[in-house]
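Heads up, the sequence shown is in my numbering, so the first residue is -15 and it goes up one at a time. For each residue, glycine too, the CB sits at the ideal point set by N, CA and C. Worksheet for the structure shown next.
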Amino acid sequence: MSLVAFTVVATLTLLLCVMTGPDRDDLDEFYTGYGALSPLRNGLAIAGDYISAATVLGTGGVIALLGHDGVVLALSTALSLTLLMFLLAEPLRNAGRFTMGDVVARRMPGRAVRIAACAATIAALLPLMLVQLAGAGDLLAFILGFSSDGLKTACVVALGALMISYAAIGGMKGTALIQILKIVMLLGSGVVVAALILHRFDWNPGALLAAARDGSGAGPAYLRSGLQFADSPSPRLDMISSELTVVLGGAALPHVTMRMYTARDAREIRRSMSWAVSSVALFVLVITVVGFGATALLGRAAIAADDPQGNTAYLLGSRAAFGAHSSAAETLLFTTVTTALFLTLLASVAGMILACANSLAHDVFAQGRRAPSPRREMTLARASALATGVPAILLAVLVEDHNLQPLATLSFCLGASALAPALVYSLFWRRYTRTGLLWTLLGGTLGSLVLMTGTNLVSGSPGALFPHHDFTWFPFTTTGIASIPLGFLLGWLGTRFSGRTEAEEHRRRYEAVEGWILAGAARREK
C-alpha cells in the first residue's frame, strides 16, 4: 500500500511541476513565480522548505531518546524562523531579486562577491542534501521491509533524479506547490497521530510525560536539561553552542531565504512569515507529542535498537499510536504518515537543489561581460540543477552507510558562521566592505570546517562518523560557540583593514539604497 502511495505521489507531483512550471523564457517566472502565491500559500511553502526530513526524523529522535533537550532543540527550530521573520525577512525581500548574491551585490557589485556567495550557498546546502538523499534509502527500507544495499542505492539514485526534475522543470512556483502539499500532509497526519497518542493517555499530558520518563531508562534526568551533553566537559556551554547554531544557521540557510524574494511587497512577506511561523510552531507541538509518545509506548531501548540515532522514532511512535490491532482506517493513516515523510524528502532536496542551481546560474554563469539572454540563463539554471544534483547523488551513495548527523550539523554551522554574519552586516552595517564580506564568507566557512573535524561527532564516540578512531580536539559538539564569533570578527577586521577610501565608497553605496533595503522606500531595481 505504501509503495502504491509513493508511486502515486511521485507521479502527481511531477505532473504538478510540469503544469505549473514556467511556460516561457521569463527569469522572474522561473526564479520567483512572479510572486503569484498568496501569503498563506507562500507561508506554507516557506514552512515546507524549513521543515526538512532531517528535522522531522532527527528532531523526533532526539526528543524520544533525550527528552527535555530534544524539546529545546525543537523550540530552537521555531525560534530560528521567528528570528528570520523579525530581523531579516523584509530587508532580504527588499534587497534581493533572485539569490543571496543579489542581496550582497546590491551594495558591493563585482563578480568575486557573487562567486563567494554562490560557493557559500553550495557549501552550506550540500551536506544537508546528502543527509536527505541518503536517508531516502533507509526510509524506504524501513517502510517496505527490505535490507538489500543494492535496493537502497537504487532508491537514492531514482529519488535523486526525481528531485532534480522537480527543480529543473517546476522552478520556484512548481517546487512551492510541492512544499505546500508536503506541509499540509505532514501537519494533517501528525495532528491526528498526536491526538491518538494523547487519547491513549486520557488527554493528560502529565501522564504522557510520566510514562515517557519511565520508558526512557534515565529517570528524572529525562525531563531535565543536560542529558544530551552529559559527557561534555562543559555541558552548559555545549548546549548554548548547539542552540545558537540552530537558531542562527536555520535563519540563514539559502533554500529558506530564497522564498523571501517571491513576495510582492513588504506586507505580503510579513503575512507569509506569520503563516510560516504558525505552521512550524504547530509542527514543534506535534513532534514533541509523537516523540514522547514513542518512548512512553515502546521504551527508549526499543527505539535505540531500531536506530541508535532515533531517526525512526517518529514512524515507530505513529505505528504504536494505533495499538496492537489496527483498523483499515488506521492503516490508511499510517500510510499517509509515511507518504508525507516520503514527500518531505522529495520536496526538501528539490528546494535545496533549486537554491544551489539558481545561485550557480545567476551569480556565476550569467555574470560575464555580456549578460546572457533570458532563454540562455534559464537553460543554464536547468543545467545547473543537473550539475548540482548528480554529484550530490553520487556522494550520498558513498556516505549512506555512515552516521550522517555531522553533515546536518555542519550545514547549520556554516549557515550560522558564514551566511548569517554576511547577511546581517550587508543589510545593516553602512561601512561594511567587499573585503569584509569575503573574509566573513571564506573565514566562517573554513573555520567551521576545521573546527568540525575536532568534534565528537566526527570521532571519539560510538555515534561518530568514525567511531573507531579518536582525534577529537574541540571540546564541543557543534562549532558555533567559536565559529560564529569568528565569522563576525573576520567581517569586522576585513572592513577595518580595507582602508578609509574603500569604506567611504561602500558607505555611500549603502546610503544610496538604505531606504529601500530597510523600508522599501524606493523603486525596485530590475
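Could you work out which residue in A118, A152, S149 is closest to K136 when comparing CA atoms only? Nearest in C-alpha terms to K136, of all of A118, A152, S149, is A118.
When DSSP labels each residue in this structure, what does S443 get in the three-state scheme? strand
Residues near M3 in its chain [Cβ-Cβ closer than 7 Å; skip 5 each side]: none
Segments assigned alpha helix (DSSP H), at least 4 residues, entirely inside the stretch 192 to 225: For the stretch 192 to 225, not a single whole alpha helix (DSSP H) run of length 4 or above is found.
F455 in three-state terms, based on DSSP: coil
Simplified DSSP assignment, three categories, for F318: helix
Whole-angstrom distance between G275 and A289, CA atom to CA atom: 16 Å
If contact is defined by three or more beta carbon pairs under 8 Å, each pair taking one atom from either stretch, is the stretch 163 to 180 in contact with the stretch 292 to 311? A contact between stretches requires three or more CB pairs, one per stretch, nearer than 8 Å, and the stretch 292 to 311 meets this requirement with the stretch 163 to 180.
Quick one: measure Cβ to Cβ for S64 and A235, integer angstroms, because I've assumed they're closer than 8 Å. 5 Å
Using a 10 Å radius around the Cβ and a threshold of 16 neighbouring Cβ atoms, would you call S432 buried or exposed? Buried is the label assigned to S432, since at least 16 other Cβ atoms lie within 10 Å of its Cβ.
What three-state label does DSSP hand F450 in the structure shown? In the structure shown, F450 falls within a strand segment according to DSSP collapsed to helix, strand and coil.
Buried/exposed call for F70, threshold 16 Cβ in 10 Å: exposed
Select from A89, A107, L76 the residue whose C-alpha is nearest the C-alpha of T429. A107
Ordered along the chain, which non-local residues of its own chain (more than five positions away) have a Cβ less than 8 Å from that of G201? G283, R284, A285
Host alpha helix (DSSP H) of M244 (start-end): M244 -> no alpha helix (DSSP H), and no H or E assigned at all.
Pairwise C-alpha distance: E13 and L(-1): 18 Å
Please report how far the alpha carbon of Y150 lies from the alpha carbon of E489, in whole angstroms. Their backbone Cα atoms lie some 42 Å apart in a straight line.
C-alpha gap between E252 and A160, whole angstroms: 16 Å
Between A104, T66, G32, which lies nearest to S258 when the distance is taken from Cα to Cα? T66
Integer-rounded CB distance, given that F326 should sit under 8 Å from V(-7): 7 Å
Please determine if the stretch 367 to 374 and the stretch 350 to 357 are in contact, where contact requires at least 3 C-beta pairs separated by less than 8 Å. no
Sorted by chain position, which residues of the same chain lie with C-beta nearer than 7 Å to A(-11)'s C-beta, five sequence neighbours on each side aside? Hits under 7 Å: T319, T323.
Inter-residue Cα distance where the pair is M242 and N440: 33 Å
In whole angstroms, give me the CA-to-CA distance for L421 and V97. 8 Å
Compute the beta-carbon to beta-carbon distance between G17 and I167, rounded to the nearest angstrom, for a pair I have assumed lies under 8 Å. Between I167 and G17 the Cβ distance is about 17 Å, and since that is not below 8 Å, they are no contact.
Specify the secondary structure class of G85 as computed by DSSP and reduced to three states. helix
C139 versus A380 - alpha carbon distance: 11 Å
DSSP-derived helix/strand/coil call for L266: helix
A503 burial status per 10 Å Cβ neighbour count (16 or more: buried): exposed
Is it a yes or a no for the stretch 392 to 412 touching the stretch 219 to 235, going by three-plus beta-carbon pairs under 8 Å? yes
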